[in-house]
Structure formats: C-alpha cells, structure tokens
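A.B. asks:
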Amino acid sequence: MSRDRTIHIPPAPAPAPSGILKVQGNKIIDQQGNEVMLRGAGLGGHLNQENFITGYPGHEKYMRRALLKVLGEEKYEFFFDKFLEYFFTEKDAKFFASLGFNCIRIPFNYRHFEDDLNPGVWLERGFQWLERIVNICAAEGIYTILDLHAAPGGQNGDWHADTGVHLALFWEHKEFQDRAVALWEELARRFKGNTWIAGYNPLNEPCDEEHVRVLAWYERVEAAIRKIDPDHILYWDGNTFAADLSRFKDPLPNSVYAIHDYSTFGFPDGEPYKGTEDQKAKLLRSLNRKIEYQLKVGSPIWNGEWGPVYASPDDGEDWEKINEDRYRVLKDQLALYEERKISWSIWLYKDIGFQGMVYVSPESAWIKRLKPFLQKKKRVAADEWGCDSKTVSHIFQPLEDWLVQEVPGILQRYPPMWKPSVHVGRLLRNILLSEELYPEYAAYFKDLSFEELDELAASFKFENCVQREGLNQAIKPKSS
951 MSRDRTIHIP
961 PAPAPAPSGI
971 LKVQGNKIID
981 QQGNEVMLRG
991 AGLGGHLNQE
1001 NFITGYPGHE
1011 KYMRRALLKV
1021 LGEEKYEFFF
1031 DKFLEYFFTE
1041 KDAKFFASLG
1051 FNCIRIPFNY
1061 RHFEDDLNPG
1071 VWLERGFQWL
1081 ERIVNICAAE
1091 GIYTILDLHA
1101 APGGQNGDWH
1111 ADTGVHLALF
1121 WEHKEFQDRA
1131 VALWEELARR
1141 FKGNTWIAGY
1151 NPLNEPCDEE
1161 HVRVLAWYER
1171 VEAAIRKIDP
1181 DHILYWDGNT
1191 FAADLSRFKD
1201 PLPNSVYAIH
1211 DYSTFGFPDG
1221 EPYKGTEDQK
1231 AKLLRSLNRK
1241 IEYQLKVGSP
1251 IWNGEWGPVY
1261 ASPDDGEDWE
1271 KINEDRYRVL
1281 KDQLALYEER
1291 KISWSIWLYK
1301 DIGFQGMVYV
1311 SPESAWIKRL
1321 KPFLQKKKRV
1331 AADEWGCDSK
1341 TVSHIFQPLE
1351 DWLVQEVPGI
1361 LQRYPPMWKP
1371 SVHVGRLLRN
1381 ILLSEELYPE
1391 YAAYFKDLSF
1401 EELDELAASF
1411 KFENCVQREG
1421 LNQAIKPKSS
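Numbered by my numbering, the letters in the sequence shown go through residues 951 to 1430 in order.
1) Output yes or no for whether 9 Å exceeds the beta carbon distance between ALA1231 and HIS1210.
2) Pull up the distance between the alpha-carbon of SER1430 and that of SER1249, whole angstroms please.
3) By DSSP, does SER1430 sit in helix, in strand, or in coil?
4) Where GLY1149 and GLU1350 are concerned, what is the direct C-alpha to C-alpha distance, given to the nearest angstrom?
5) Could you give the residue range of the beta strand (DSSP E) that holds ASP1404?
6) Would you list the one or two residues that DSSP bridges to VAL1310?
7) Locate the alpha helix (DSSP H) running through ILE1345, then write down its first and last residues.
8) Using CA atoms only, rank isn't needed, just tell me which of LEU1320, SER1371, GLU1270 and TRP1316 is closest to HIS1344.
9) Could you spell out where the alpha helix (DSSP H) holding PRO1007 opens and where it closes?
10) Tell me the residue span of the alpha helix (DSSP H) that contains ARG1163.
11) Span of the beta strand (DSSP E) holding ASN1151?
12) Verify whether the separation of the beta carbon atoms of GLY1188 and TYR1207 is less than 9 Å.
13) Would you mind stating whether SER962 and ASN1144 have Cβ atoms separated by less than 9 Å?
14) Which of the three DSSP states, helix, strand or coil, is assigned to PHE1058?
15) Measure the C-alpha to C-alpha separation of GLU1385 and ARG1055 and round it to an integer number of angstroms.
16) For ILE996 versus LYS1300, is the C-beta distance shorter than 9 Å?
17) Which residue wins for smallest C-alpha separation from ALA1166, given the options TYR1185, ILE1178, GLU1155 and LYS1199?
18) Compute the distance between the beta-carbons of ILE1138 and ILE1175, then report whether it is under 9 Å.
19) For ARG989, write down the residues that DSSP places opposite it in a beta bridge.
20) Can you name the start and end residues of the beta strand (DSSP E) that LYS977 belongs to?
21) Exposed or buried, GLY969, counting other C-beta atoms within 10 Å across all chains shown (16 or more means buried)?
22) Leaving out the 5 sequence neighbours to the left and right, which residues in its chain are closer than 8 Å to GLY1220 when beta-carbon positions are compared?
23) Buried or exposed for LYS1428, please, with buried defined as at least 16 other CB atoms from any protein chain shown within 10 angstroms of its CB.
24) Would you give the residue range spanned by the beta strand (DSSP E) that ALA1089 belongs to?
25) Can you give me the Cβ contacts of TRP1316 inside the same chain, cut-off strictly under 6 Å, excluding the 5 residues immediately before and after it?
26) Mapping the DSSP letters down to three states, classify TRP1121 as helix, strand or coil.
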C-alpha cells in the first residue's frame, strides 16, 4: 500500500493591501506610494539544502543519492517529504512575524522542478512546496522573494550551487542557461499577480570570470520574465558572490540590485571584532565598495545575505565571549544598513546551530544521532562555511605553500577574494573528502523505521528548536 504523499497547501489569503511592490527611484514602494523596507531572513536548508545547515557532507545531490541507496525509495521519499513539511510551518511564520519581520527569501534548487535526465518536464511537487511556503508566509503578512539558489550546471563553483564540482559550468553551456530561463518563465506564469511575492531573485551569487556573460543572461531572462509577468520586482545579485557590480551597465526597469555583505570579522578564521574605529572603518569601506553602483545609478539596495556564524559550548570555554564579538559586528553592520535605508535578509532562519535565528535542539533526535559525525566533520574541516580550518592547517599549509611557490598564479586565481587555502579546501575537503563521507553519513540512517525517520525529521519543527535570543533581539526592527 503506497503512502499518501499529498502536499497540503493552505489556501491563498486575501491580496496584500500594498498591492504588488514596485521600484520608484531609489525606493521600493507600495501601490499607495509608501516606501517599503524589506527586513527578514533567508530560508536556507529547505528547498536548497546546505551541508552546514543540516549536517551532511559535501553536496545535496550526492547526499540524497547515498540516502536513497541506504533507505530505499519508499523510506527516502517519506523522510524528505516529512523534512520539507516540518522544516517550515505556520508556527515558524507566526514566530517570524511576531518579531516584526516582513520578508522571507526562499532559496530553491532547480532539481525540485525538473530532472537532469528529463529536462523541461516540470515536476509539480516542486511548485507545490514553493506555493505552500508563499501562502504560509502570506497568511502572516510576510512577503517572499523567490531565489534560484542552485541553477543547472552551477552558476558558481561553491557547494550551495550543488554541482558536486568546483566549476561554474552554467556559463559554459547554453543548454544550462536555457533551462534556467525556462524555469523562470514557468515560475512567472504561476506567480504573476501574486501581491505577497516581493519579487524574483533570478540567480544567487553568480560567478562569471569573464564578467560579461552574467550581464547578457540577466538581460535575456529579464525579457523572458517580463513577457509573462511585467509587474514583479527583479532582484539582481552582483557578480562574484554578489560582491561586484563594477561592470554593470544601466539598470534594468523595475529592478533592485543586490549585494551580499558577509564580514570576515564574523567567522572563525577572522580577526575578533571589538568595534575599534579601524574595524568600523573597514566595515564601512567594504559596504561602500559594494553599493557604489546603486548609489551611482540611483536604485534601491537589497542586502540579500549577511550575518556571522556563532560558537557553541563544543567550541571551548570562551564560546560566549566569541559570540559577544559576533553580536557586536552584527549590530554595527545593521546600523550601517538602517542609516542608508538598505533592505536586508539575514542568513539565515533555521539550522543546526551555526547561524540560525532558531536552531535544532541539542537534545533532539537529529543531533543525538548524528553528533559523532558532526564532531568528525568539524574535526576534519569538511565544510567551508563556519569551519575552523586551523584544526587541519598543519596538514594543508605545506601544500598551500608549495602551490604558491610552484604556481604563483594561484594568488590571482578567480574569485579574487579566495586565498590558496580556500581553493585547496574546496577541492580536497569540501569535494574529495566529502565524497568519502557520504556513505558514512548515510549509515546513520540504515535500517531506521518510518517512525524513527519521522522523529528525525521532526527535530526541525519549530516547537523542537531553540531560539537564538541574542541574534533575534539584535536584529528585531525597532518599529515592531
């Protein structure tokens, strides 16, 4: 007997009183002409999973392949259906709205909508999961921004583009670009006229080494979307992880240009942030460089991702002092955004304890079961995001030094903000090492019953999570 896999989508609420938001000069406004500041978070780890958010190694597509092999198709489908159901519910939306936030960015992986072996044939369940989140948020007065976070072929070479490799092949193959355009055409057909959608973010963190292919694709997808949906705002990430708009030309109509503003002060390998004048000046210089284009052309600014990672008791006895520094940089960054009327979406809403506004309880079935694996991942620095690579520097530093000596051009290798240590870590730990960790991770799910799988997925329910009070109070809009 097959299990019921129906996705329960709440009915769409009444249209937003604001009507469809639009751009006027350097502001986002509603239909009455009132300025709207979007403040919220990204729903990473849901329709686009990431290793550090939920705990697996490497890339989502290979993690899923390993779990399918261990669980079999029926249990595999059951587990991921329950995970997607529990990860974001009405309780999450009510909590989010209670803090005064008004917008959630929804990252999604193209694989929810089409299969690589059958491209162009739409998978209805992906659209249903997306509609479910949009309607849940709308019922609480929360706008959503739809974000293609992982595109066919990979628009960047990082783990969150979910290619399994370190190359951004999206820019090398027209087929991949065509498929992304077709997906946006279908999304525009389904969501045009929806007043609770604040707009579309056609491509997360593009990394086009030539700097011109991204602009050509933006013009192409903009025209394709506008033929179907002429009204919604389009949010365009800068090139090179949304940090570089220096090659951008005249702004496209009804468009917002987005930056991502992570500070090295907020990460384990960065300098502790004490709020000195020099450190504040560095924050300001970095922001001013990223928003130079928007100020020049007079367009609105949206900071689509930002925020530190946080320490936990497992990181040593000084973990609370570390987090004091992280909250300090968070508050100083936020002050810059508010002063300049920059809309923002912090990264992120929910995870297992690195960045989330809420995170899975250490007493949950998920953490208890996977704790040995999570500790190993941290020990070997398998993930790039939030890891402390000092634990393995004695192994990799000699290799990095050798590379610089023998091929000094690696110091100029794209992307420019990546040091040799990042290139080495990406290839050897995030990819090669993680490929050998997939079976080890999947073994934790072997022979589990449906009830046990349900309990694991339920660890991500709002009522089973812990609220990160320091973060939530720091970013809570003052007007709420």
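Backbone N, C-alpha and C fix where the C-beta goes; we use that ideal spot for every residue, glycine too.
C.D. replies: Reading it off the structure:
1) Residue numbering aside, residue 1231 sits at position 281 when the sequence shown is read from its first letter. Residue numbering aside, residue 1210 sits at position 260 when the sequence shown is read from its first letter. No, these two residues do not count as a Cβ contact at 9 Å.
2) By 1-based counting over the sequence shown, the position of residue 1430 is 480. By 1-based counting over the sequence shown, the position of residue 1249 is 299. Low local confidence applies: a pLDDT of 41 at SER1430 is under 50, so the model's placement there is unreliable, with the coordinate-based value given in what follows. About 26 Å.
3) Position 480 of the sequence shown holds residue 1430. Residue confidence for SER1430 is low, a pLDDT of 41 falling below 50, so the modelled location carries little weight; the figure read from the coordinates is stated next. Of the three classes helix, strand and coil, the one that applies to SER1430 here is coil, per DSSP.
4) Reading the sequence shown from its first residue, position 199 is the one you call residue 1149. Reading the sequence shown from its first residue, position 400 is the one you call residue 1350. The alpha-carbon atoms of GLY1149 and GLU1350 are separated by roughly 43 Å.
5) The count along the sequence shown starts at 1 and reaches residue 1404 at position 454. Looking at the DSSP string, ASP1404 is not in any beta strand (DSSP E); the run it does join, the alpha helix (DSSP H), is 1400-1408.
6) The residue given as residue 1310 occupies position 360 in the sequence shown. In the DSSP output, where bridge partners are listed per residue, VAL1310 has CYS1415.
7) Residue numbering aside, residue 1345 sits at position 395 when the sequence shown is read from its first letter. First-last of the alpha helix (DSSP H) with ILE1345: 1343-1356.
8) Here residue 1344 refers to the residue found at position 394 of the sequence shown. Ranking LEU1320, SER1371, GLU1270 and TRP1316 by Cα distance to HIS1344 puts SER1371 first.
9) In the sequence shown, counting from the first residue as 1, residue 1007 sits at position 57. For PRO1007, no alpha helix (DSSP H) run applies, since DSSP gives it neither H nor E.
10) Your numbering for residue 1163 matches position 213 in the sequence shown. Counting along the chain, the alpha helix (DSSP H) containing ARG1163 begins and ends at 1163-1178.
11) Taking the sequence shown and counting its residues from 1, the one referred to as residue 1151 is at position 201. Segment 1147-1151, the beta strand (DSSP E) holding ASN1151.
12) Here residue 1188 refers to the residue found at position 238 when the sequence shown is read from its first residue. Here residue 1207 refers to the residue found at position 257 when the sequence shown is read from its first residue. The answer is yes: Cβ separation under 9 Å.
13) For the purposes of this step, residue 962 is taken as residue 12 along the sequence shown, with counting starting at 1. For the purposes of this step, residue 1144 is taken as residue 194 along the sequence shown, with counting starting at 1. What sits at residue 962 in the sequence shown is Ala, not Ser. Yes, the Cβ-Cβ distance between ALA962 and ASN1144 is below 9 Å.
14) In the sequence shown, residue 1058 corresponds to position 108, counting from 1. In the structure shown, PHE1058 sits in a strand (DSSP, three-state: E or B).
15) Indexing the sequence shown from 1 puts residue 1385 at position 435. Indexing the sequence shown from 1 puts residue 1055 at position 105. Cα to Cα, the separation comes out at about 30 Å.
16) Here residue 996 corresponds to residue number 46 of the sequence shown, with the count starting at 1. Here residue 1300 corresponds to residue number 350 of the sequence shown, with the count starting at 1. Reading off the sequence shown, one finds His at residue 996, where the question assumed Ile. A contact, by the Cβ cut-off of 9 Å.
17) Translated into positions along the sequence shown, residue 1166 becomes position 216. Minimum Cα distance to ALA1166 is reached at LYS1199.
18) On the sequence shown, position 188 is the one that residue 1138 refers to. On the sequence shown, position 225 is the one that residue 1175 refers to. Going by the sequence as given, residue 1138 is Ala instead of Ile. Going by C-beta atoms, ALA1138 is nearer than 9 Å to ILE1175.
19) On the sequence shown, residue 989 is found 39 positions in, with the first residue counted as 1. Partner(s): TRP1294.
20) Here residue 977 refers to the residue found at position 27 when the sequence shown is read from its first residue. 977-979 is the extent of the beta strand (DSSP E) around LYS977.
21) As a working mapping, residue 969 is identified with position 19 in the sequence shown. Here GLY969 is exposed, its C-beta having fewer than 16 other C-beta atoms within 10 Å.
22) Here residue 1220 refers to the residue found at position 270 when the sequence shown is read from its first residue. Excluding sequence neighbours, GLY1220 sits near SER1213 and THR1214.
23) Position 478 of the sequence shown, counting from 1, holds the residue named residue 1428. Per the 10 Å Cβ criterion, exposed.
24) Position 139 of the sequence shown, counted from the start, is the residue given in the question as residue 1089. Run containing ALA1089: none in the beta strand (DSSP E); it sits in the alpha helix (DSSP H), 1074-1089.
25) Counting from 1 along the sequence shown, the entry for residue 1316 is found at position 366. So the list reads VAL1310, LEU1406 and SER1409, once near-sequence residues are dropped.
26) Counted from its first residue, the sequence shown places residue 1121 at position 171. Helix.
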